[in-house]
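K.L.:
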Amino acid sequence: MTKPILVMKTGETLALLRARGEDFEDWIGAGLGLAPGQWTVRCVAQGQALPGMNEVAGVVITGSPAMLTDAAPWNDVAAQWLREALASELPVLGICYGHQLLAHACGGRVGYHPLGREIGTVPVTLTASAREDLLLGALPVSFPVHTTHSQSVLQLPASATHLAASDHDSHHAFRVGARAWGVQFHPEFSAEVMRTYIQERQQALLDEGLNVEALLRSVQETPAASGVLRRFAVLCGK
């Protein structure tokens, strides 16, 4: 790959994990299977300028503790950049907040899920349309993923192809154009990271009536979901 993949950083992970020297971009870089010089990070949430379309091979948009409906000014900057990326057919992969930001940029609607938070390791099921998809088509029809979110894509962009759903969230993955995807789940998370999220938020989860012990017992590794990042890196090289 002659150009790096951009990791568009929209926020930071938990303080406990950052104290260990880990953040979204570190897990994403490892998941892509690339050497450090083959990917680069720009923190759009802190006002860092985004590169030109011809400077990168693709972009992965990270998750964030922020809520899209808070309408931070940098969202507009990122959304406009993503629309230009789509027009130039640059490969795009939005994760969690990035998934929602991509949907928003393309005319979808994002907001708090009416059933509340989804967190833990959950099964998602591919739609019939996903069977021919370049990124997700080789995955099993149903597979476990790690997820943690309160907001969701409530309405897909009109141009989107619906690719995957969970029992809780009907819009877990979609594609717009030929090479731009959003996934609500976290392919970069390990089981340890997922457990840490549950443990760090356990009081809020209990207050919401969720069974923390059951959530922790259900956590497992998610090799099919993790493979999405490596497959995306391959697509960026084509």
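First residue of the sequence shown: -6, per this note's numbering; consecutive thereafter. Ideal Cβ placement from N, Cα and C applies to all residues, glycine included. Because the structure is a prediction, the values reported are computed rather than measured.
Could you tell me how far apart the beta carbons of I(-2) and A50 are, in whole angstroms, since I believe they sit closer than 8 Å?
P.N.:
Numbered from its first residue, the sequence shown carries residue -2 at position 5. Numbered from its first residue, the sequence shown carries residue 50 at position 57. 5 Å between Cβ atoms; contact.
K.L.:
Closer than 8 Å is the cut-off here; do at least three beta carbon pairs connect the stretch 118 to 131 with the stretch 178 to 190?
P.N.:
Flag = no, the stretch 118 to 131 and the stretch 178 to 190 do not touch.
K.L.:
If V115 sits next to H161, beta carbons under 8 Å apart, how far is it from one beta carbon to the other, in whole angstroms?
P.N.:
Reading the sequence shown from its first residue, position 122 is the one you call residue 115. Reading the sequence shown from its first residue, position 168 is the one you call residue 161. Confirmed, Cβ separation roughly 7 Å.
K.L.:
Beta-carbon within less than 8 Å of G109's beta-carbon, same chain only, minus the 5 sequence neighbours each way: which residues are those?
P.N.:
Taking the sequence shown and counting its residues from 1, one reaches residue 109 at position 116. Taken in chain order, the residues that qualify are S143 and E201.
K.L.:
Would you say Y90 and T3 are within 8 Å of each other, going by their C-beta atoms?
P.N.:
Counting from 1 along the sequence shown, the entry for residue 90 is found at position 97. Counting from 1 along the sequence shown, the entry for residue 3 is found at position 10. Yes; because the gap between Cβ atoms is below 8 Å, this pair is in contact.
K.L.:
Just to confirm, does A38 get its C-beta within under 7 Å of one of the non-hydrogen atoms of the ligand ADP?
P.N.:
With respect to the ligand ADP, the structure offers nothing, as it holds no ligand at all.
K.L.:
DSSP on H139, reduced to helix/strand/coil?
P.N.:
For this step, residue 139 is matched to residue 146 along the sequence shown. In the structure shown, H139 sits in a strand (DSSP, three-state: E or B).
K.L.:
Counting Cβ pairs, one atom from each stretch, are 3 or more of them under 8 Å apart for the stretch 185 to 200 and the stretch 96 to 107?
P.N.:
Touching, no, given that fewer than three Cβ pairs across the two stretches are closer than 8 Å.
K.L.:
Any idea if A153 is buried or exposed, counting beta-carbon neighbours within 10 angstroms, 16 or more meaning buried?
P.N.:
Your numbering for residue 153 matches position 160 in the sequence shown. Buried.
K.L.:
Are there 16 or more other CB atoms within 10 angstroms of the CB of T(-5), so buried, or fewer, so exposed?
P.N.:
To locate residue -5, count along the sequence shown from 1; it is residue 2. With fewer than 16 other Cβ atoms within 10 Å, it is exposed.
K.L.:
Under 8 Å, do V221 and A158 count as touching if we go by C-beta distance?
P.N.:
Working through the sequence shown from its first residue, we reach residue 221 at position 228. Working through the sequence shown from its first residue, we reach residue 158 at position 165. In this structure, A158 does not lie closer than 8 Å to V221 by Cβ.
K.L.:
Can you tell me whether DSSP reads R102 as helix, strand or coil?
P.N.:
To locate residue 102, count along the sequence shown from 1; it is residue 109. In the structure shown, R102 sits in a strand (DSSP, three-state: E or B).
K.L.:
Spell out the partners DSSP gives M1 in its beta bridges.
P.N.:
For this step, residue 1 is matched to residue 8 along the sequence shown. Bridge partners of M1: R35 and I54.
K.L.:
Let me confirm a value: T62 is counted as buried when at least 16 other C-beta atoms fall within 10 Å, else exposed. Which label applies?
P.N.:
One-based indexing of the sequence shown puts residue 62 at position 69. Counting Cβ neighbours within 10 Å, T62 comes out exposed, since fewer than 16 surround it.
K.L.:
Report the rounded CA-to-CA distance for M234 versus I112, giving the unit in angstroms.
P.N.:
Lying outside -6 to 231, the shown extent of the chain, residue 234 is not represented and no answer is given.
K.L.:
Could you give the residue range of the alpha helix (DSSP H) that holds A28?
P.N.:
To locate residue 28, count along the sequence shown from 1; it is residue 35. Run containing A28: none; DSSP gives neither H nor E here.
K.L.:
Output needed for P150: all residues of its chain with C-beta closer than 7 Å, excluding positions within five of it in sequence on either side, in chain order.
P.N.:
Taking the sequence shown and counting its residues from 1, one reaches residue 150 at position 157. Excluding sequence neighbours, P150 sits near A96, C99, G100, G101 and V169.
K.L.:
With which residues is R168 paired in a DSSP beta bridge?
P.N.:
Along the sequence shown, one-based indexing puts residue 168 at 175. DSSP lists T154 and W174 as partners of R168.
K.L.:
In the DSSP assignment, find the unbroken beta strand (DSSP E) run with S145 in it and report its ends.
P.N.:
Taking the sequence shown and counting its residues from 1, the one referred to as residue 145 is at position 152. It spans Q144 to Q148 - the beta strand (DSSP E) in which S145 sits, taken as one unbroken run.
K.L.:
Strictly by DSSP, which residues pair up with T114?
P.N.:
Counting from one through the sequence shown, the residue named residue 114 turns up at place 121. In the DSSP output, where bridge partners are listed per residue, T114 has H139.
K.L.:
Using CA coordinates, which residue listed in L83, P58, D16 and A42 is at the minimum distance from R172?
P.N.:
Here the question's residue 172 lines up with position 179 in the sequence shown. Checking every option, the nearest Cα to that of R172 belongs to L83.
K.L.:
Would you tell me roughly how many angstroms separate the C-alpha atoms of A59 and S81, rounded to the nearest one?
P.N.:
Taking the first residue of the sequence shown as position 1, residue 59 is located at position 66. Taking the first residue of the sequence shown as position 1, residue 81 is located at position 88. Answer to the nearest angstrom: the Cα atoms are 28 Å apart.
K.L.:
Suppose the cutoff is 6 Å on Cβ atoms and the five residues either side in sequence are ignored; what does the same chain contact list for L86 look like?
P.N.:
By one-based count along the sequence shown, residue 86 stands at place 93. Taken in chain order, the residues that qualify are V53, W174 and F225.
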